[in-house]
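Residue numbers (full-length UniProt numbering): 1 to 429. Following: one structure in structure tokens, then a few remarks.
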């Protein structure tokens, strides 16, 4: 916005200077083409000749007589106190005299060699035509400034109107509305901020809707199991069987508790994006350290972890959250791998890449764009060992978004299963 203010100020000053110069040039040409005080100059020349014939002591009184008889504001003055440059004083001896202007208007000074250092002063009144011309020029000046500023401000008004309409559409529930970029805009930052805000709100609304529907769906099964077990417990006389029923109810409660914790954890995840602490470390050693965190799960599942890490670049990120994203990918791979998991890294001029592959069943191509959605599960994944309820990969894409990166999925060419790729920029804006 500071740029806009400076641009408007510069435009206003430029319009005033340019229009002032044009009008002044026009006015000077008009004055030079037609002298509006011709007869006053001529009559003043006659007064000078009359004064030259008068004794020095009576010239002041004679000027008063002239002023009264001709109804003109003429006065005879002592020139010793006249503070003017020598060039201007010399103009008083010319045929036209010296024309000056003060807060009272124009006045004509004229003298001759015989009257030195004295001179006569004739106050002048503009003709009605010249007064009208001044009014017209003044109106033209302000009209020109307003027109110039209108050309400058009309794109701003247009874009503000677009912003207002888009905001109204968004407030009416159209969360997909966005402002199309325009090169002739002064509020590009505001428009980009609006689009970013709209995208975040749309994403949050979609996630909240999905969470509400998923929670109501996922919690229905354990609640139904508990109701069935409760009905059975009421009518069960056998203490041993009753304990088994209560044990199953406790497991259902634990499942519901874990489920609710997962939902709440994901719901509050966005608030943590403002608390990121970026650091720069050597990528290969960092990835080795992160991989160590998954070793217990690898041993339990009897899986091999293969590494192919480039040692020639650094990574700049919030190391805690990036480690969380990578371990989520590794944990996800453990759930589906048969025997092998591979983590690799490489870079190019702008980005660094971290890949996690497994030799599991993979993900159907038609689901690649859905797999990072919260709570997404393919049909053949329903019996997975982990209990993340589809949140692990959603957390990955959240963390990558915080780092202005991109997460994607494809098929592993080397292992045959799924391949998850994290792409991060080398420089964070």
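Even for Gly, the Cβ is constructed at its ideal location relative to N, Cα and C.
Report the three-state DSSP secondary structure of residue i (helix, strand or coil).
| i | result |
| --- | --- |
| residue 164 | helix |
| residue 339 | coil |
| residue 96 | coil |
| residue 406 | strand |
| residue 177 | coil |
| residue 290 | helix |
| residue 123 | strand |
| residue 315 | strand |
| residue 416 | coil |
| residue 303 | coil |
| residue 425 | strand |
| residue 76 | strand |
| residue 247 | helix |
| residue 280 | strand |
| residue 373 | coil |
| residue 235 | coil |
| residue 91 | helix |
| residue 344 | strand |
| residue 136 | helix |
| residue 207 | helix |
| residue 114 | coil |
| residue 50 | helix |
| residue 101 | strand |
| residue 359 | coil |
| residue 354 | strand |
Could you check if residue i belongs to the surroundings of the ligand FAD, using beta carbon to heavy atom distance under 7 Å?
| i | result |
| --- | --- |
| residue 70 | Within the structure as shown, the ligand FAD is missing, as the structure has no ligands at all. |
Where residue i and residue j are concerned, what is the direct C-alpha to C-alpha distance, given to the nearest angstrom?
| i | j | result |
| --- | --- | --- |
| residue 387 | residue 376 | At residue 387 the pLDDT is 41, less than 50, meaning the model places this residue with poor confidence; the figure from the coordinates comes in the next sentence. The alpha-carbon atoms of residue 387 and residue 376 are separated by roughly 13 Å. |
| residue 321 | residue 328 | 10 Å |
| residue 154 | residue 189 | 18 Å |
| residue 382 | residue 411 | Annotation note: pLDDT 38 at residue 382 (below 50); position unreliable, coordinate value reported separately. Each residue's alpha carbon lies about 20 Å from the other. |
| residue 290 | residue 172 | 46 Å |
| residue 262 | residue 285 | 30 Å |
| residue 47 | residue 83 | 23 Å |
| residue 238 | residue 257 | 28 Å |
| residue 49 | residue 117 | 16 Å |
| residue 248 | residue 392 | 27 Å |
| residue 210 | residue 8 | 47 Å |
| residue 41 | residue 12 | 40 Å |
| residue 113 | residue 93 | 7 Å |
| residue 150 | residue 313 | 53 Å |
| residue 85 | residue 191 | 59 Å |
| residue 22 | residue 196 | 46 Å |
| residue 67 | residue 10 | 51 Å |
| residue 374 | residue 244 | 34 Å |
| residue 240 | residue 260 | 30 Å |
| residue 63 | residue 17 | 43 Å |
| residue 227 | residue 264 | 24 Å |
| residue 55 | residue 103 | 33 Å |
Which whole-angstrom value is the C-beta distance of residue i and residue j, which I expect to be below 8 Å?
| i | j | result |
| --- | --- | --- |
| residue 109 | residue 98 | 4 Å |
| residue 423 | residue 406 | 5 Å |
| residue 368 | residue 409 | 5 Å |
| residue 76 | residue 59 | 5 Å |
| residue 168 | residue 194 | Contact flag wrong, Cβ pair sits at about 12 Å. |
| residue 170 | residue 15 | The Cβ separation is near 36 Å, so there is no contact. |
| residue 281 | residue 315 | 6 Å |
Just to confirm, are residue i and residue j a CB contact at a threshold of 8 Å?
| i | j | result |
| --- | --- | --- |
| residue 279 | residue 319 | yes |
| residue 326 | residue 334 | no |
| residue 352 | residue 283 | yes |
| residue 175 | residue 207 | no |
| residue 323 | residue 360 | no |
| residue 159 | residue 136 | no |
| residue 421 | residue 355 | yes |
| residue 246 | residue 233 | yes |
| residue 164 | residue 198 | no |
| residue 51 | residue 115 | yes |
| residue 363 | residue 317 | no |
| residue 331 | residue 303 | no |
| residue 144 | residue 95 | no |
| residue 358 | residue 415 | yes |
| residue 402 | residue 276 | yes |
| residue 242 | residue 236 | yes |
* Asked: With a cut-off of 8 Å, do at least 3 Cβ pairs link the segment 263 to 270 to the segment 291 to 301?
  -> Segments in contact, no.
- [ ] Could you tell me whether the segment 221 to 231 touches the segment 239 to 258, where touching means 3 or more Cβ pairs closer than 8 Å?
- [x] Output reads yes: the segment 239 to 258 touches the segment 221 to 231.
- Message: Can you confirm whether the segment 139 to 148 touches the segment 104 to 122 when touching is taken to mean that 3 or more C-beta pairs between the two stretches lie within less than 8 Å?
- Response: Taking a contact to require three or more Cβ pairs closer than 8 Å, the segment 104 to 122 and the segment 139 to 148 do not qualify as touching.
* Looking at C-beta atoms only, is the number of pairs between the segment 179 to 188 and the segment 155 to 169 that lie closer than 8 Å three or more? -> Touching, yes, given that three or more Cβ pairs across the two stretches are closer than 8 Å.
At a cut of 8 Å, does the segment 308 to 317 reach the segment 346 to 358 through at least three beta carbon pairs? Touching, yes.
Next on the checklist: Assess contact between the segment 67 to 75 and the segment 88 to 95, defined as three or more Cβ pairs (one per stretch) separated by less than 8 Å. Is contact present?
Outcome noted: Contact fails: fewer than three Cβ-Cβ distances are below 8 Å.
Are three or more beta carbon pairs between the segment 104 to 118 and the segment 34 to 48 nearer than 8 Å? Because the criterion of three Cβ pairs below 8 Å is met, the segment 104 to 118 and the segment 34 to 48 touch.
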